[in-house]
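Below: one structure, written as structure tokens.
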Amino acid sequence: MRCCVIAERAQCRAGLEETVEAALRAGVRAVQLREKEATTLELYELAGRLRQLTRQHDALLLVNDRADVALAVEADGVHLGWQSLPVAEVHRLVGRDLLVGKSVHNLEEARQAVADGVDYVFAGPVYDTPSKAGLVATLGIERLRDICDAIDLPVIGLGGIDPSNAAAVLRAGACGVAVIRAILAAADSTTAATQLLALSGGTGILPVIGSD
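Counting with our numbering, you get residues 1 to 212 for the letters of the sequence shown.
Spelled out as structure tokens, the structure:
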């Protein structure tokens, strides 16, 4: 995935589905649904609507943490955090047809994620970001490069990324970028997505993650 939008209603300037659809029309081909405060029913219904949108645009849908919801809406994968179920348990639940990825914050976590059997990692926060303030240390470009050099899996840069700094993330070896505010909070989500895609080399989804 060259550019993944992380869909979270609390971060959205306009309606979430409207904003995601604008990003998909611009060429974004991966959406991660992250709604930690939603009830199971709310999450299922929202995931179902996003699944319809991503199918219309031949894009991936990843569901944060909830393997059950991912299976129920026929999503493409489950994205795990540092307090999620173990990777092996998620693979046991969803089989090998669904992707399983994980967020990592340093080289040690990245290597452990590879050993655990993930399909890709989100590495960050690359830059300072309000969503991680005081929770984890900022990774920075050099430590991101260390992760990209050390593991043989797609690495997606995450955290504080926008059109002004996305190119540096890719030069460090990341296969793509994942963003929240850069698209969700933008005055014009379509333009923001188009700018990020231009910097990240287009709409392609990496073969290891999805289909060419």
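All C-beta atoms, glycine included, are put in the ideal place defined by N, C-alpha and C.
The model shown is predicted, which means the values in this text are computed figures rather than measured ones.
- Proximity to Leu85 across Ala75, Ser103, Ala72 peaks at Ser103, based on C-alpha coordinates.
- Less than 9 Å divides the Cβ of Ala67 from the Cβ of Val94.
- Listed in chain order, the beta strand (DSSP E) runs fully inside the segment 138-207 are 155-158, 176-179, counting runs of at least 3 residues.
- Annotated three-state conformation of Tyr120 is strand, per DSSP.
- Under the three-state reduction of DSSP output, Val78 falls in the strand class.
- Per the DSSP secondary-structure output, Asn64 pairs in a beta bridge with His79.
- The beta-carbon distance between Asp76 and Leu50, rounded to whole angstroms, is 11 Å. This is too long to meet the 8 Å contact definition.
- Taking a C-beta distance under 9 Å as the contact criterion, Ile161 and Ala182 qualify as a contact pair.
- Shown here, Ala30 sits in a strand according to DSSP, grouped into three states.
- Shown here for Ala14: same chain residues with a beta carbon closer than 8 Å to its own, the five before and five after excluded, namely Ser189 in chain order.
- In this structure, Ala110 lies away from Ile141, with their beta-carbon atoms at least 9 Å apart.
- Counting of Cβ neighbours within 10 angstroms places Gln32 among the buried residues, the total reaching 16 or more.
- For Ala38, there is no enclosing beta strand (DSSP E), since its DSSP letter is neither H nor E.
- When the beta-carbon positions are compared, Thr54 and Leu24 come within less than 9 Å of each other.
- The residues Val69, Ala72, Val73, in chain order, have a CB closer than 8 Å to that of Tyr44 in the same chain once the five nearest residues on each side in sequence are set aside.
- Per the C-alpha coordinates, the member of Ala186, Thr194, Val177, Ser200 positioned closest to Cys4 is Val177.
- Inclusion of Gly159 and Tyr127 in the CB contact set at 9 Å is warranted, their separation being smaller than that value.
- Excluding residues up to 5 positions away in sequence, Ser103 lie with their Cβ nearer than 6 Å to the Cβ of Gly81 in the same chain.
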